[in-house]
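Going by numbering that gives the first Met the number 0, 278 is the number at position 279 of the first sequence; the sequence numbering is gapless. Glycine included, each C-beta is placed from N, C-alpha and C at the ideal position. Reviewing the structure listed below.
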Amino acid sequence: MRFSQLFSPTLKEVPAEAETPSHQLMLRAGIIRKLASGIYTYLPLGVKSLEKISSIIREELNRIGAQEVLMPVLHPKELWQQTGRWEKVEVLFRLKDRADRDFLLGPTHEEVITSLVAHEVKSYRQLPLLLYQIQTKFRDEPRPRGGVIRSREFIMMDLYSFHKTKEDLEKTYWKVYEAYQRIYKRSGFTIRVVEGETGDIGGDVSHQFELISKSGEDTLLICPNCSYGADVWSVPCREPNLKTENSTLYPKIEKIHTPNCKTILALVQYFKNLTKNENLTEANFIKTLVYEADGKLIAVCIRGDREINEMKLKRFLGVKKLEMAKGETLGSWALILGFIGPVGLTMLPHGVKFSGAREEINETPRIIADYEVQGMQDAVCGANEQDYHFQHVGYGRDFTIKEFADLRMAEPGDPCPKCGSTLKLENGIELGQIFNLGTIYSKPLGCVYLDEDGREVPMIMGCYGIGVSRMLASLIEQHHDKDGISWPISTAPYDAVIVPVNNQDETQMKLSEKIYEECLGSNLDVILDDREVRAGVKFKDADLLGFPFRITVGRGAQEGKVEIKIRENGKTLEITADKILEELKKIREAALQELKPDPKEPVSI
RNA sequence: CGGGGUGUAGCUCAGUUUGGUCUAGAGCGCUUGCUUGGGGUGCAAGAGGCCGGUGGUUCGAAUCCACUCACUCCGACCA
């Protein structure tokens, strides 16, 4: 490629729309251009890199026996109604055809692949089956950000596996796990695998492959001591070791007038003033939240400084739908928002309209609490009366709760569930995730096979995704400096750029052309900067675009000498032109060697 | 969806508070000529704008008001 012909408009200044380093650099280096919010065109350099990433993915997936397919982007509504996701998934791009039939643009392809396999695979002899595609996906994200890191149209690799048994799925799961490790390593990433939340997609095992980065939107808790790391949503909290305190050490429960104190923060202030106790913190308060879980009302108590992890709560309750009860809902149950507490908590029986008679409020709702509440003594909680709270409340003395569970959100500083060290907070960009799906798609879509005994059995499924376009951005996120991008050799759009310093100098130009031809003839992907611009401009662009090697053809050309500059570390070596090919191949090979996957690491379940 | 910010030349931004001198500017980029030639050369001449859109107030609107659209940040959400 000749630079003068390359369609890669570079920008000297940072576009105002970009915040994250990779986004800025992708715009500046002419890799992407925005069409609308969260919708981008990939320019030639971006496409070249995407292709290199994709080939690595293909090689590694084919290696574990997966086969590539290409599924439609456009899906009929009916298919998605069968799994209930037409109604459930909010980010669907929905559209109609001319006959007013409903369609959607595929955000993921579980329905399509499962339906395909349901029709075509009948026998246990055909399993396991691993199918993947690299395809554009659509999600109407409430908030696209970071350029191509979270966009509304993006390229994703999605792999689906079909199995006879859980054991068989597990084998494949770890095979994919290893393939992913290899993919990221070869592409130039240093990643961290963390335990993931399975979310609405279901299933019980999940791992996320994360690039630790400030630009990431995943909140992770990482153990600095062992290999443990997890999405903050899925970090279990240990049951605290609670000492039973002597409940006579503090005064009797007492009702306090607390006008307008509806939040823990307001209460802390109020009680600090009231008691002149500066040591009072949010941890001295019992927060009681009311949820609607599959339509049933449930009160949840937690220490005032903690947050409820709704994923944990949902799992504990075993419900499909969980949401905070709205203010008006609470009112209709005679619960007073901001003043609810576990002591004497009652409400109106279901379906009863409040007539104003207090004695009607006699039903006790289901109350569950986080483990920590068990240890709370001399605390403050709502008195279930407008503008009143109780103080000097103690668990066991003034109230009891039947159900306790791990319901709180883990926080940095909490102990590692594996080794007990202190967990640290990190942000991560999710580059991939692997799920154990079980039968949640195969059952509703009738994806069954006949086993050895002729019985019809739903297939066990796994699904595995890699954000391909997100990988592109993340590569830049991990490999850049103040001058620009510094591509890993395996995913760089070009291996090297040849820079004749002075276009007027015939010797330099001829030598550059010669090297260019030689490189092309030997499978080196190079670009020749033949533009009529000053050397400084070429150097700046070379750094910005970040090709791993720069071959400078300048002063030394007279004596047949050229220079190789390594983008990553800035090192240069002078070399005679006839050795250039040999040397380039050598350093390229050495760089690739660095990215060789580790020999299979044993993974534990 | 809630809260904030921004829309003026291809890009980065000034001008908007206090309406008139704005017939709208700068730097970068672009075009042409000369110059220079190892880290964004210097000089000169040029092209380029319905000041996001609509409606209003006014003798007069980039500037004030209303609505609207787009982009963006924080939060909510995230298969």
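Might you give, ordered along the chain, the residues of its own chain that have their beta carbon closer than 8 Å to the beta carbon of E517, omitting 5 neighbours on each side? For E517, where only same-chain residues beyond five positions count, the Cβ hits under 8 Å are I579, L580.
In its own chain, which residues sit with a C-beta less than 8 Å from the C-beta of K423, not counting the 5 before and 5 after it? Excluding positions up to five away in sequence, the list reads L220, I221, C222, P223, P411.
Answer with buried or exposed for Q125, where buried requires no fewer than 16 other C-beta atoms within 10 angstroms of its C-beta. Around the beta-carbon of Q125, fewer than 16 other beta-carbon atoms lie within 10 Å, marking it exposed.
Three-state secondary structure (DSSP) of S603: For S603, the predicted model reports a pLDDT of 47, less than 50, meaning its position is unreliable; a value from the coordinates is still stated below. Shown here, S603 sits in coil according to DSSP, grouped into three states, outside any helix or strand.
Got a sec, what are the start and stop residues for the beta strand (DSSP E) F403 sits in? 402 to 404 is the span of the beta strand (DSSP E), which, as asked, contains F403.
Coarse secondary structure for N383, derived from DSSP in three states: If DSSP states are grouped into helix, strand and coil, N383 belongs with the strands.
Whole-angstrom distance between E567 and I475, CA atom to CA atom: When rounded, the distance between both Cα atoms is 13 Å.
Going by C-alpha to C-alpha distance, which of T257, T287, I263, N283 sits closest to L273? Taking only the C-alpha atoms, the option nearest L273 is T257.
Through-space distance from L430 to I604, alpha-carbon basis: Summary for I604: the model assigns pLDDT 44, below 50, so the residue's position carries little reliability; its value from the coordinates is reported in the next sentence. About 21 Å.
How about the segment 264 to 280 and the segment 432 to 446: do they share at least three Cβ pairs that are nearer than 8 Å? Under the Cβ criterion (8 Å, minimum of three pairs), the segment 264 to 280 does not count as touching the segment 432 to 446.
What does the Cβ neighbour count give for F102, buried or exposed, with the cut at 16 atoms within 10 Å? That one is buried.
Following the continuous alpha helix (DSSP H) through T438, name the residue where it begins and the one where it ends. Run containing T438: none; DSSP gives neither H nor E here.
Coil, strand or helix - S160 by DSSP: Looking at S160 - three-state DSSP - the assignment turns out to be strand.
Starting from S205, follow its DSSP beta bridges and name the residues at the other end. Secondary-structure assignment with DSSP links S205 through a beta bridge to F434.
Is it buried or exposed for T490, if we count other Cβ within 10 angstroms and need 16 for buried? Label assigned to T490: buried.
Smallest Cα separation from G483: which of P457, A28, G105? Here the closest residue by C-alpha is A28.
Whole-angstrom distance between I339 and K170, CA atom to CA atom: Note on geometry: alpha-carbon atoms of K170 and I339 lie some 49 Å from one another.
Is the segment 157 to 169 close to the segment 450 to 467, with three or more CB pairs under 8 Å? Three or more Cβ pairs drawn from the segment 157 to 169 and the segment 450 to 467 lie within less than 8 Å of each other, which places the two stretches in contact.
Beta-carbon gap between L241 and N308 smaller than 8 Å: At the C-beta level, L241 and N308 stay beyond 8 Å of one another.
State the DSSP-derived secondary structure class of A495, mapped to helix, strand or coil. In the three-state reduction of the DSSP assignment, A495 falls in the strand class, which pools E and B.
Pairwise C-alpha distance: F188 and M25: Straight across, the Cα-Cα distance linking M25 with F188 is about 18 Å.
Tell me which residues share the same chain as L288 and place their Cβ nearer than 7 Å to its Cβ, disregarding the 5 neighbours each side in the sequence. Take L288, set aside five residues on each side of it, and the residues of its chain with a beta-carbon closer than 7 Å to its own are V299, I307, M323, in chain order.
When the Cα of R314 is compared with those of S233, A409, E109, V116, which residue comes out closest? It is S233 whose Cα lies nearest to the Cα of R314.
Rounded distance between the beta-carbons of E253 and F389, thought under 8 Å: The C-beta separation of F389 from E253 comes to about 7 Å, placing the pair in contact by the 8 Å criterion.
8 Å Cβ shell around P14 - same chain, five flanking residues per side excluded: Take P14, set aside five residues on each side of it, and the residues of its chain with a beta-carbon closer than 8 Å to its own are Q23, L26, R27, in chain order.
What is the DSSP secondary structure of L266, counted as helix, strand or coil? It is helical.
I'd like to check one pair, G145 with N426: are the Cβ atoms closer than 8 Å? N426 places its beta carbon 8 Å or farther from that of G145.
Helix or strand or just coil, what does DSSP make of Y448? In this structure, Y448 counts as strand in the three-state DSSP scheme.
Hey, S53 and I133: beta-carbon distance below 8 Å or not? Yes, the pair counts as a contact, with Cβ atoms nearer than the cut-off.
Between I182 and E209, which are expected to be in contact by the criterion C-beta below 8 Å, what is the C-beta distance as a whole number of angstroms? Going by Cβ atoms, the distance from I182 to E209 rounds to 14 Å, so no, they are not a contact pair.
For N522, the three-state DSSP class (helix, strand or coil): Note: N522 maps to coil in three-state DSSP.
Applying the 10 Å Cβ sphere with the 16-neighbour rule, what's the burial state of S354? With fewer than 16 other Cβ atoms within 10 Å, it is exposed.
Is the CB-CB distance between K417 and C236 below 8 Å? Contact flag unset, no.
One question on the structure: do F153 and K174 come within less than 8 Å of each other, judged by their Cβ atoms? No, the Cβ-Cβ distance between F153 and K174 is not below 8 Å.
Taking all protein chains shown into account, do 16 or more other C-beta atoms lie within 10 angstroms of the C-beta of H118, making it buried, or fewer, making it exposed? Exposure of H118 is indicated by the presence of fewer than 16 other C-beta atoms within 10 angstroms of its C-beta.
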